[in-house]
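Engineer: Sequence order for the protein chains is V and D.
By the working numbering, the letter at position 447 of the first sequence is numbered 1406, and the numbering carries on one by one without gaps.
By the working numbering, the letter at position 100 of the second sequence is numbered 351, and the numbering carries on one by one without gaps.
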Amino acid sequence: MSAAPTPPSEEELPTPAVRSRTWIPRLVWVVPIAAAVIGISLLIKNWENEGPRITISFLTGEGVQVGKTLVKYRDVTVGHVSAVGLSADHQTVLVSADLSKDAASLLKADTQFWIVRPRIGVGSVSGLDTLLSGVYIGMKTGAATLHERQFVGLENPPALSHGPRGRELQLHAARAGSLAIGAPVYFRQFQVGRVIDENLLSDGSTRVTVFVEAPYDGFVKPVTRFWNASGINVKLGADGLNVQTESLAAVLAGGVAFDDGPTDAVSAADDIQGDFTLYKNETDAMAPPDGEPHYVRMHFAQALRGLDVGAPVEFVGVNIGSVVAVDLGYERQDKSFPVIVTAKVYPRRMGQAYAVLAAQGKTESEETLAAFVGTLVKRGLRALPRSGSLLTGKLYIALDFLPASPRADFDASIRPLELPTVNGTFQELEANIGRLVKKVNDLPLEQIVADLHTDLKDLHETLSELHVRTLPNAEDTLSALHRTLDSADRTLDVESPLQRGLAETLLESRGTLQAVRELADYLDRHPDALLRGRRPQKMPGQPAAASSEANP
Amino acid sequence: MTPLRQSHELGLVLCRTCGLAVSRAALKADLRCPRCKSRIEHRTPFSTEMTLAFLIAGITLYIPANLLPVMHTSGLPGDADSTILGGIFEFWQSGDWDIALLIFIASVAVPFTKFIAIGLLLFTVRKNSRWQQHQRTVLYRIVEFIGYWSMLDVIVVALTSALLQFQLLGTAEPRAGIAFFCAVVVVTMLSALSFDPRLIWDRRT
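1. Given a cut-off of 8 Å, decide if I1155/V and T1168/V are closer than it, judged by their beta-carbon atoms.
2. State yes or no: is the beta carbon of A304/D nearer than 8 Å to at least one beta carbon in chain V?
3. Measuring only the C-alpha atoms, how far is A1228/V from D1234/V?
4. Using a Cβ cut-off of 7 Å, pull out every chain D residue sitting near A1099/V, in sequence order please.
5. Using a Cβ-Cβ cut-off of 7 Å (strictly less than) and excluding sequence neighbours within five positions of S225/D, which residues of its own chain qualify?
6. Considering only C-alpha positions, which residue in the set K1099/V, A1133/V, R1108/V and R1126/V is nearest to P1117/V?
7. Which value, in whole angstroms, describes the spacing of the CA atoms of L986/V and W348/D?
8. Which complete beta strand (DSSP E) runs does the segment 1109-1153 of chain V hold, if anything under 3 residues is left out?
9. If we cut at 8 Å on Cβ distances, does V376/D have a partner in chain V?
10. Give the straight-line distance between the Cα atoms of S442/D and G398/D, rounded to the nearest whole angstrom.
11. Which residue's Cα is closest to the Cα of K1337/V: L1402/V, H1485/V, L1361/V and F1110/V?
12. Are at least three pairs of beta-carbons, each pair with one atom in the segment 1092-1106 of chain V and one in the segment 1066-1080 of chain V, less than 8 Å apart?
13. Indicate whether at least one CB of chain V lies closer than 8 Å to the CB of V438/D.
14. Check whether chain V comes within 8 Å of D447/D, counting only Cβ atoms and requiring the distance to be less than that.
15. Considering F1274/V, what are the terminal residues of the beta strand (DSSP E) in which it resides?
16. Just to confirm, does I1015/V get its C-beta within under 7 Å of one of the non-hydrogen atoms of the ligand COA?
17. So, at 8 Å on beta carbons, what are the nonlocal neighbours of G1530/V in its own chain, with the 5 sequence-adjacent residues on each side left out?
18. Just to confirm my understanding: we take S961/V, look at its own chain, exclude 5 residues before and 5 after, and list those with CB closer than 8 Å. What are they?
19. Which ranges does the alpha helix (DSSP H) cover as unbroken runs of at least 4 residues, wholly within the segment 1028-1095 of chain V, from first to last along the chain?
20. Answer with buried or exposed for H1039/V, where buried requires no fewer than 16 other C-beta atoms within 10 angstroms of its C-beta.
21. If the cut is a Cβ gap below 7 Å, which residues of chain V does T311/D touch?
22. Scan the segment 258-283 of chain D and note each continuous alpha helix (DSSP H) run of 4 residues or more that stays entirely inside, going in chain order.
23. Mind checking which residues open and close the alpha helix (DSSP H) that includes K1004/V?
24. With T411/D as the anchor, note down where its alpha helix (DSSP H) starts and where it stops.
25. If we ignore side chains and look at the alpha-carbon of each, how far apart do P1511/V and R1493/V end up?
26. Is any beta-carbon of chain V found at less than 8 Å from that of S412/D?
27. Do the CB positions of G1125/V and D1176/V come within less than 8 Å of each other?
28. For A1227/V, which three-state DSSP category applies?
29. Beta-carbon within less than 6 Å of F342/D's beta-carbon, same chain only, minus the 5 sequence neighbours each way: which residues are those?
30. Below 8 Å on the Cβ atoms is my contact criterion, and I expect L1263/V with V1298/V to pass it. Report the Cβ-Cβ distance as a whole number of Å.
31. Is the segment 312-324 of chain D touching the segment 408-417 of chain D in the sense that three or more CB pairs, one from each, lie closer than 8 Å?
32. Taking Cβ-Cβ distances shorter than 9 Å, what residues in chain V pair up with H323/D?
33. Distance cutoff 8 Å, beta carbons only. Does L1029/V sit that close to anything in chain D?
34. Buried or exposed: S1513/V, going by 16 or more other Cβ atoms within 10 Å of its Cβ?
35. According to a CB-to-CB cut-off of less than 9 Å, which residues of the segment 418-430 of chain D neighbour chain V?
36. What is the residue span of the alpha helix (DSSP H) that P1456/V lies within?
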């Protein structure tokens, strides 16, 4: 296009060109729109992610870094620390954390927070990742309905941070032993849970909280018995050495084991609600319930070295209690020092005998027990110290029936019950041995030895004389005897003339005897022959005899 | 005093790039400056519209720029996300009032001045105001000039991030806020550039 020859009016020239590009400059509105969109989206995102800000107080803020330290729930990041400061009284560290919005529902009044640091225990190693990544704040939600924004952090992580399904149980014991939090809980040597808490109650006993994971919590029944499985149980029994332990970890960190107790003995105190007694060991746990202990007192008129507190009290060989005190008494009458032994006995341990007792008295009151013991004493029940082991010299108290013992008085009204005593067999044995030794000492040993020596000398002389004189004569006699026997032997030989002659003689004498018998027979039949002489004989034997007999 | 004569009355068009006053008659149909060959127009088309658009964009971006942290420092004293205003506050409290003032001027005062100045210019141009035409031109020059210096805080963050990298002892990292700050500066500069100062002198009757 060529320029107009005349000056054009100002609108004339650019109009067509401008109109064609009208929309391009309008594209510039994309910029503020984009800016607005970005800004609004950021705001929305921010608003959406804007979770609650919580404040947790800790004793120390070791390793907690603003912006870097994360808050994790089940190992998933749900927030981060936004500020760390001190409380107004400078006693605690206040850690503020911004949580994501979806974590807000986890913030219950009893939600727990703790700082996760590397921990190396006997049972487990945890938090090793924090060595490199720095600490983080662990979180465990609670069950409360109230929501909270201010929390007090735990100094130690809870044993159960992830709330697995299962059952919490409270175990009561006089002392917790070597149990540590996190110690394993075993059911038939299979780990099914952990110790999650230990408390010292106001009455001085301990309460151990254990957690048994599902589905093993079904093994916990009202009859279940819990016992401390710490350490190694070494038992030397009739069947040899028996070493028992739950696991190596239990040896080091302690542990709790449980199993079904005797099914017929359901104690009212142990119920499925979660309160159980923690027994000292498996034997105690599996023993039938002892019931209430009863105290008995015994006066021994002898030294009881080796009788310790805790020594067993055995009734006919069955352990029914233990010694609780050994004291020295003083008798004014005879100015002696009897040993007073106090023991607690559990009548329930007497089994059938207790059943009889219970049937008699219905209740296990002191009176019925006293009456029961009275009858036993009448039948010869006596307390006596016995040696449990010759090696250690430890004594125990045996309650045995000794009908031969002297009659003892039993006062059923004295509390605690006074049991009649006799001196221990071991002591009697000791006395007997002493007397024996004394007798041996009294023997005139030297005299005996001297006499014996003289006697032996005489014997020696006699023997030597025998050797020199008597033996040669005996030899001659023996040879003579030998000759005599030799000739006798020859005489008695079958081929000897004597023997042959004897045989002939015997043969002849037989013929003679036969003739004599014939004669005797003939004479018997014909006694007249003696007078008339022998008649001629037609027929020998019976027919002749028969005819002759028929004739007369 | 006789009123100043307008360029269109003289039949002249100014090239905004090289400052050559071209006779309208001499202009070719492609509207190129005969000297520098850049586009030449009597008045930059859609100037006020573009200026307004960029201004609105700048103000919009200025909000997240101040709300979001611009820098993250970590080190022995602790970790911190700092926003511009928070940083100024901290510097002021710790006694470094001079640094606080510097950052305040570079990051808050200057952008605000620019928003107000450009807004004022736009408003008066729309109104065809003949008020303080000369001063408004000077104001425009100033806005155009300080545009370059509003990048100060962006440079501070860039330098700190580059220099403060001692791992354990301390590190600094830029955060999203500084990108918005950068965008604010760029958009306001574009806004200032889009504005045609010749409009200040126009008066349509």
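Ideal Cβ placement from N, Cα and C applies to all residues, glycine included.
Predicted model, so just to flag it, every value in this text is computed and none were measured.
Structural biologist: Walking through what the data contain:
1. yes
2. Against chain V, the CB of A304/D has a partner CB under 8 Å away; the residue lies at that interface.
3. Its pLDDT being 48, under 50, A1228/V is placed unreliably in this model, and the coordinates cannot settle the point.
4. The amino acid at residue 1099/V is misidentified as Ala; the sequence shows Lys. Residues of chain D passing the Cβ test: none, with the nearest at roughly 25 Å.
5. Nothing can be reported for residue 225/D, as the shown portion of chain D is limited to 252 through 456.
6. P1117/V has its Cα closest to that of K1099/V, out of K1099/V, A1133/V, R1108/V and R1126/V.
7. 43 Å
8. Runs found: 1109-1111, 1125-1132 and 1143-1146.
9. no
10. 10 Å
11. L1361/V
12. yes
13. yes
14. no
15. Going by DSSP, F1274/V is part of the beta strand (DSSP E) stretching over P1271 to F1274.
16. Ligands displayed in this structure: none; no statement on the ligand COA is therefore possible.
17. Since the first and last residues shown for chain V are 960 and 1511, residue 1530/V lies out of range.
18. Low per-residue confidence applies at S961/V: pLDDT is 44, beneath 50, and the placement is therefore not dependable, though the value from the model is reported in the following sentence. Same-chain partners within the cutoff: there are none.
19. 1089-1092
20. buried
21. Those within 7 Å of T311/D in chain V are P991, A994, A995 and G998.
22. 258-261
23. V989 to N1008
24. L403 to L414
25. Since pLDDT at P1511/V reaches only 41, below the 50 mark, its modelled position is unreliable, and the value read off the structure follows with that caveat. Cα-Cα distance, rounded: 18 Å.
26. no
27. The answer is yes: Cβ separation under 8 Å.
28. Because the pLDDT of A1227/V is 48, which lies under 50, any placement of that residue in the model is unreliable, and the number read from its coordinates should be weighed accordingly. Three-state result, A1227/V: coil.
29. By the criterion of a C-beta distance shorter than 6 Å, F342/D is surrounded in its chain by I350 and A351, once the five residues flanking it on both sides are discounted.
30. 5 Å
31. yes
32. G1026
33. At a cut-off of 8 Å between beta carbons, L1029/V makes no contact with chain D.
34. Chain V is shown from 960 up to 1511; residue 1513/V falls before or after that span and cannot be answered.
35. A427
36. P1456 to R1484
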